[in-house]
Amino acid sequence: EAQVTQNPRYLITVTGKKLTVTCSQNMNHEYMSWYRQDPGLGLRQIYYSMNVEVTDKGDVPEGYKVSRKEKRNFPLILESPSPNQTSLYFCASSPVLAGGADTQYFGPGTRLTVL
Amino acid sequence: QKEVEQNSGPLSVPEGAIASLNCTYSDRGSQSFFWYRQYSGKSPELIMSIYSNGDKEDGRFTAQLNKASQYVSLLIRDSQPSDSATYLCAVGKNYGQNFVFGPGTRLSVLP
Chain A
631 EAQVTQNPRY LITVTGKKLT VTCSQNMNHE YMSWYRQDPG LGLRQIYYSM NVEVTDKGDV
691 PEGYKVSRKE KRNFPLILES PSPNQTSLYF CASSPVLAGG ADTQYFGPGT RLTVL
Chain B
580 QKEVEQNSGP LSVPEGAIAS LNCTYSDRGS QSFFWYRQYS GKSPELIMSI YSNGDKEDGR
640 FTAQLNKASQ YVSLLIRDSQ PSDSATYLCA VGKNYGQNFV FGPGTRLSVL P
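Protein chains in written order, with my numbering: chain A, 631 to 745; chain B, 580 to 690.
Given below as structure tokens:
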């Protein structure tokens, strides 16, 4: 089954404790992206990757890191989480058509709470 | 002004009616436009994509794009209770690398 998986699905942590949220896709998509979703603000792009070893900042990258060492994986790293990073996080992947991403397929989401 | 705005909800329509969802965007350089549906507690899923001015129809759904007015809309004909969800407008920028989503419009279709 074609899918985007995220782990963990739920996470409660404390301020300053480094964490990683994994994202994996089995559709051989070049493009992957991370979003956070907050009430009233919609989905906001954190980082994206056009291909292996190619990453760039989205609209809200502060406090986050990513890496793209393999095509299928795109982990999101919070080196020192803070309470304002409490949110619902979505990973998405997309084929690249005519040089750009197109339809994005979203993972199930990771609900993160930072105390 | 937000970069992508949508009509505030919630929007309620009776079953069988036409639901009209609107979206405006501020960046004239935007190249691609998408409507996603998100059920409560679920992840967004694509309904329609549109790239050129005019209408695009897929079943009960019609997307309309007017780049001069920086406006994109989604019409849902013969609305069903199963259409009750939040609808997200997304705009692609920077040749399909960046995506900006609107805050969403919650639609309720009443039986």
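Even glycine gets a Cβ: it sits at the ideal position worked out from N, Cα and C.
Test: Q675 of chain A CB closer than 7 Å to a CB of chain B
Indexing the first sequence from 1 puts residue 675 of chain A at position 45. Residue contact check for Q675 of chain A against chain B: a CB pair falls below 7 Å.
Does the distance from the CB of V744 of chain A to the CB of P713 of chain A come in under 7 Å?
On the first sequence, residue 744 of chain A is found 114 positions in, with the first residue counted as 1. On the first sequence, residue 713 of chain A is found 83 positions in, with the first residue counted as 1. Contact annotation: V744 of chain A and P713 of chain A have beta-carbon atoms nearer than 7 Å.
Min CB distance Y618 of chain B to chain A below 7 Å:
Position 39 of the second sequence, counted from the first residue, corresponds to residue 618 of chain B. For Y618 of chain B, no CB of chain A lies under 7 Å from its own CB, so it is not counted at the interface with that chain.
Taking only beta carbons into account, state which residues of the stretch 705-723 of chain A come closer than 7 Å to chain B, listed in chain order.
Of all residues in the stretch 705-723 of chain A, those with a C-beta nearer than 7 Å to a C-beta of chain B are F720, reading in chain order.
Less than 7 Å between C-beta atoms, sequence neighbours within five positions excluded: which residues of the same chain meet that for P660 of chain B?
By 1-based counting over the second sequence, the position of residue 660 of chain B is 81. Taken in chain order, the residues that qualify are E594, V688 and P690.
Run through chain A and tell me which residues come within less than 9 Å of L667 of chain B, C-beta to C-beta.
As a first step, residue 667 of chain B must be located in the second sequence, where it is residue number 88. The answer, in chain order, is G672 and L673.
With a threshold of 8 Å on Cβ separation, who are the neighbours of D686 of chain A within its own chain once the five nearest residues in sequence on each side are excluded?
Taking the first sequence and counting its residues from 1, one reaches residue 686 of chain A at position 56. These residues qualify, in order along the chain: Y677, Y678, S679 and M680.
Which chain A residues are close to N677 of chain B, counting only those with a beta carbon under 8 Å from its beta carbon?
Position 98 of the second sequence, counted from the start, is the residue given in the question as residue 677 of chain B. Those within 8 Å of N677 of chain B in chain A are Q675, Y678, G688 and D689.
Where does P593 of chain B fall in DSSP's three states?
As a working note, residue 593 of chain B is residue 14 in the second sequence. P593 of chain B sits in a strand when the DSSP states are folded into three classes.
Which of helix, strand or coil DSSP assigns to S661 of chain B:
The count along the second sequence starts at 1 and reaches residue 661 of chain B at position 82. S661 of chain B: helix per DSSP, three-state reduction.
Spatial neighbours of K648 of chain A within its chain, please: CB distance less than 6 Å, with the 5 preceding and 5 following residues excluded, ordered by chain position.
The count along the first sequence starts at 1 and reaches residue 648 of chain A at position 18. If we look at K648 of chain A and ignore the five residues flanking it on each side, its Cβ neighbours are E709.
Checking 7 Å against the spacing of the C-beta atoms, do T650 of chain A and P705 of chain A come in under that value?
Working through the first sequence from its first residue, we reach residue 650 of chain A at position 20. Working through the first sequence from its first residue, we reach residue 705 of chain A at position 75. Yes; because the gap between Cβ atoms is below 7 Å, this pair is in contact.
CB G681 of chain B to CB Q610 of chain B, shorter than 7 Å?
On the second sequence, residue 681 of chain B is found 102 positions in, with the first residue counted as 1. On the second sequence, residue 610 of chain B is found 31 positions in, with the first residue counted as 1. Cβ distance not < 7 Å, so G681 of chain B and Q610 of chain B don't count as in contact.
With DSSP run on the structure shown, which of helix, strand or coil describes Q610 of chain B?
Sequence index remark: in the second sequence, residue 610 of chain B carries index 31 (1-based). Correct three-state label for Q610 of chain B: coil.
Cβ contact (3+ pairs, closer than 8 Å) linking the stretch 622-633 of chain B and the stretch 723-735 of chain A:
These segments touch.
Quick check on the DSSP output: the beta strand (DSSP E) that includes V688 of chain B runs from which residue to which?
As a first step, residue 688 of chain B is located in the second sequence; it is residue number 109 there, counting from the start. For V688 of chain B, the enclosing beta strand (DSSP E) stretches over residues T684 to L689.
What residue from B:V651, B:E582 and B:N673 has the CA that sits closest to Y615 of chain B's CA?
Within the second sequence, the letter at position 36 stands for residue 615 of chain B. Comparing Cα positions, the closest option is B:V651.
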